[in-house]
Structure formats: structure tokens, C-alpha cells
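A.B. asks: Residue numbers (the numbering used here): 6 to 377.
The beta-carbon is built from N, C-alpha and C at its ideal position, and this holds for glycine as well.
Following this message is one structure expressed as C-alpha cells.
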């Protein structure tokens, strides 16, 4: 299936260009846009140009998401120069201008070439007079440092950590807790972030990826989503969250920690205990899931180090996490399912390769309790 949204960084113009297809909606619309903002953050100081198809018009829910979530993400991710390519005689232009025209650094253009001219005019009005230092104007350098100042600020710390490592000590990661969500859902991490900060975690991180596995709803996976899903495991999460359709295909990412899960259950509130159920799996079941996935997709992008078929005879089931079926509880945690007929329950687990099992156990307990 062709991508609904494509994006790329154009080095010559220092621009992140996003093209939106006319059928883009829901997860296929929102998640690529969020990832384009990650690229924008990486290319700090770059301008952001959005070129929607002439027939594209967001639905009500997507329009609300743009206002409530996307615009704030963009403003945090770039220098504030946002250009929307919509011809002047296009009726959508007036509607967009009424909704977002007051934003600082927001401009319109009729086509890509005109957008580049707008950028040039903006730079000139910033009194930089086209003078560049090491390939960037003064404004671009200001934007550059305003968005990646933290990278430079940690340089002395990095040297100190290297020194500590040299003497056998270990430096702590920037994110003090990571909760990775992957499945056919959207995540608004606002509530969980508040919950974990109240528990004393200063920099919680909530990476999320849309994953589509074999299903009866005709949903199909894309290379884009699968690569994102795999890449996020490199964040070394403490806790992973997925859905009732997806979890079996990621058996090796679900931690098998029976004693820890028993302590989690004992530390749940009475209401949570009534609404949370253990999830059990065996290596043999997981092997069947992998075979099913490979037959469905023709390839595997699962987070695995050794073929599960080598363990296929082991049908001993062990607890791998907990399930939440209550829809209100799932929504309270910030998850909005994309499934309409399939199992939209949440499955939460300690990550199989978590660096700190005690922390992962605590975080899992806190999240489960906060859902009820």
C-alpha cells in the first residue's frame, strides 16, 4: 500500500518537506506527521513545509488532533517557520487561515518554489542580510542552538561520564523511565506522564509506534511503521504496552518475571485487582505466532535474536504481563484503539531486556493502579 504521507529533509534548502495524500486519515495520518517532527527536531533550525494533496481534507477528529496535539508538537520541534502550500484561490486556504493564521511564523505559499521565496524573504527581514557563518545565517544558528542546546549542554557531562566509565563507574541515562507502546492505537501520554512525575520520575519518555499484525479487519502493515516499531526498542524501555492482537507476535519482548509479577499483583489496589488479569504464554505459542506473521507478511521485523522455532517444543506457559479490558481504563491511560472488531485490550509487561527490573516492576504497578 502506498504511503499516505511522505517526508524528507532537503539539505540545500534546509527544509523538511511533508507531502500529504488525499486519503490520509487516522493513524496513517497522525503518526507519520509526528515522525516528521522528530526529523524536524533532528534538523534543528530547518523550516517546515507542508504540501497537502488538492483533494485532502481532514476529518473532524483529525482536525481536532491537529489543533490540540500536532501544532504544539511542531512549535516545539522547529524554528517557527511553517509554510502550508495551498493555492490562493483554494477555499481551504481561508478556513486554515482563520484557524491558524495567527500563529507566529506561519505562512502560505502557492507552490514549493514560492515557499522557498517566502523563506528567503523571512530571513532577510530578520536583518541577517544573507550573510552566512559556516553555512548558516545568524537566525539559523540561533534557531539551531535554541532547539539543540541540550545536546551541547551535556557535553561536559558526557566527558565526566567517560571519565567515570574509565574508572569503572556507570553514567545514568537522560530519561529516567521509558514506557514504549506499540500496537494499533494512538497514544496521548499526558496522563501517564503526570502520574510518573508524581512518583518522582523527572524525565519520563513515551515512544510509540503503530504496529499492524495479522488481523481479520483487513488492516495492512507498511514498511514505515514496522521500521519505527523496531527502532524504538533501542530506547531500552522499562515497560512495554501493546494490544490484544499484537502481543503474541512480540513474545521475546515481554519479560518473563513470575516473582516480580506476583509482587505487582499484590501491590495493586482492590479495584485494579478486579480489573486486571495475568497474561500467560509459552515459547511454543510464540513460535506459532511468528509462523503466522511470516506467512501473512512474507518477512519478519520482530524484535528477536534467535529463531523461536528452536524452542517450539517448550509448551510451558509463564506469565508475561497483565491485560486491561476495560475500555474506559484504556482511554484513561491515553490509548485510543484503531481496532473496531478485534481485541482492543491493553497488555502491559516489563520489557524482557530492561536494565533495572526493580524500577520496571514499580513503574508497571504505578501505571496499572492509575488506570482505575
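For the candidate residues 86, 216, 237, 341, whose alpha-carbon lies nearest to that of residue 298?
C.D. replies: What you label residue 298 is simply residue 293 of the chain shown in a count that begins at 1. Nearest of 86, 216, 237, 341 to residue 298, Cα basis: 216.
A.B. asks: Rounded to the nearest angstrom, what separates residue 381 and residue 373 at their Cα positions?
C.D. replies: With the chain covering 6 to 377 only, the question about residue 381 has no answer from this structure.
A.B. asks: Let me know the secondary structure DSSP gives residue 86 once reduced to three states.
C.D. replies: Here residue 86 refers to the residue found at position 81 when the chain shown is read from its first residue. Correct three-state label for residue 86: coil.
A.B. asks: Taking residue 32 and residue 191 to be in contact with their CB atoms under 8 Å, please state how far apart those CB atoms are, rounded to whole angstroms.
C.D. replies: Against the chain shown, residue 32 aligns to sequence position 27. Against the chain shown, residue 191 aligns to sequence position 186. Confirmed, about 6 Å.
A.B. asks: Enumerate, from N- to C-terminal direction, the unbroken alpha helix (DSSP H) stretches of 4 or more residues contained entirely within the segment 6 to 41.
C.D. replies: none
A.B. asks: Count the other CB atoms, across all protein chains shown, that sit within 10 Å of the CB of residue 104; report buried if there are 16 or more and exposed otherwise.
C.D. replies: For the purposes of this step, residue 104 is taken as residue 99 along the chain shown, with counting starting at 1. Classification for residue 104: exposed.
A.B. asks: Can you grab the Cα-Cα spacing for the pair residue 361 / residue 17, in whole Å?
C.D. replies: Within the chain shown, numbered from 1, the residue matching residue 361 stands at position 356. Within the chain shown, numbered from 1, the residue matching residue 17 stands at position 12. The C-alpha of residue 361 lies about 44 Å from the C-alpha of residue 17.
A.B. asks: Where does the unbroken alpha helix (DSSP H) through residue 93 begin, and where does it stop?
C.D. replies: In the chain shown, the residue the question calls residue 93 occupies position 88. DSSP places residue 93 outside any alpha helix (DSSP H), giving it a letter other than H or E.
A.B. asks: Among the residues of its own chain, which have a CB less than 8 Å from the CB of residue 207, if the five just before and after it don't count?
C.D. replies: Looking up residue 207 in the chain shown gives position 202. If we look at residue 207 and ignore the five residues flanking it on each side, its Cβ neighbours are 181.
A.B. asks: Going by DSSP, which residues form a beta bridge with residue 254?
C.D. replies: Position 249 of the chain shown holds residue 254. Looking at the DSSP assignment, residue 254 forms no beta bridge with any residue, so it has no partner.
A.B. asks: Hey, could you find the ends of the alpha helix (DSSP H) residue 365 is sitting in?
C.D. replies: As a working note, residue 365 is residue 360 in the chain shown. Element bounds for residue 365: 362 to 375.
A.B. asks: Since residue 42 and residue 26 are thought to touch, with beta carbons under 8 Å apart, how far apart are those beta carbons, to the nearest angstrom?
C.D. replies: Translated into positions along the chain shown, residue 42 becomes position 37. Translated into positions along the chain shown, residue 26 becomes position 21. 18 Å between Cβ atoms; not a contact.
A.B. asks: Report the option in 276, 184, 295 whose CA atom is closest to the CA atom of residue 352.
C.D. replies: Position 347 of the chain shown, counted from the start, is the residue given in the question as residue 352. The candidate whose alpha carbon is nearest that of residue 352 is 184.
A.B. asks: Using CA coordinates, which residue listed in 278, 252, 255 is at the minimum distance from residue 266?
C.D. replies: Along the chain shown, read from residue 1 onward, the residue named residue 266 stands at position 261. Among 278, 252, 255, the Cα nearest to that of residue 266 is on 278.
A.B. asks: Just the C-alpha distance for residue 161 and residue 49, rounded to the nearest angstrom, thanks.
C.D. replies: The residue given as residue 161 occupies position 156 in the chain shown. The residue given as residue 49 occupies position 44 in the chain shown. Any reading at residue 161 must be qualified, since the residue scores a pLDDT of 46, below 50, and its modelled position is unreliable; the value itself is stated next. If you draw a straight line from the Cα of residue 161 to the Cα of residue 49, it is about 21 Å long.
A.B. asks: Leaving out the 5 sequence neighbours to the left and right, which residues in its chain are closer than 6 Å to residue 253 when beta-carbon positions are compared?
C.D. replies: Position 248 of the chain shown, counting from 1, holds the residue named residue 253. So the qualifying residues of the chain are 294.
A.B. asks: With 16 as the cutoff for other CB atoms within 10 Å, does residue 172 come out buried or exposed?
C.D. replies: As a working mapping, residue 172 is identified with position 167 in the chain shown. With a pLDDT of only 41 at residue 172, under the threshold of 50, the placement of this residue in the model should not be trusted, and no figure is reported.
A.B. asks: If you follow the beta strand (DSSP E) that residue 192 is in, where does it begin and where does it stop?
C.D. replies: The count along the chain shown starts at 1 and reaches residue 192 at position 187. Per DSSP, residue 192 belongs to the beta strand (DSSP E) from 190 to 192.
A.B. asks: Here's the rule: buried if 16 or more other CB atoms are within 10 angstroms of the residue's CB, otherwise exposed. What is residue 24?
C.D. replies: Here residue 24 refers to the residue found at position 19 when the chain shown is read from its first residue. It counts as buried.
A.B. asks: Could you give the residue range of the alpha helix (DSSP H) that holds residue 298?
C.D. replies: Within the chain shown, the letter at position 293 stands for residue 298. Residues 288 to 302.
A.B. asks: Is it buried or exposed for residue 339, if we count other Cβ within 10 angstroms and need 16 for buried?
C.D. replies: Locating residue 339 in the chain shown gives position 334, counting from the first residue. Counting every other CB atom within 10 Å of its CB across the protein chains shown gives residue 339 a total of 16 or more, marking it as buried.
A.B. asks: Drop a sphere of 10 angstroms on the beta-carbon of residue 199, count the other beta-carbons inside from all chains shown, and report buried for 16 or more, exposed for fewer.
C.D. replies: Indexing the chain shown from 1 puts residue 199 at position 194. When all chains shown are included, residue 199 counts as exposed.
A.B. asks: Name, in chain order, the residues that DSSP records as bridge partners for residue 354.
C.D. replies: As a position in the chain shown, residue 354 is number 349, starting the count at 1. Paired residues: 245.
A.B. asks: Leaving out the 5 sequence neighbours to the left and right, which residues in its chain are closer than 6 Å to residue 187 when beta-carbon positions are compared?
C.D. replies: For this step, residue 187 is matched to residue 182 along the chain shown. Within the same chain, 214, 216, 234, 247 come within 6 Å of residue 187 by CB-CB distance, once the 5 residues on both sides are set aside.
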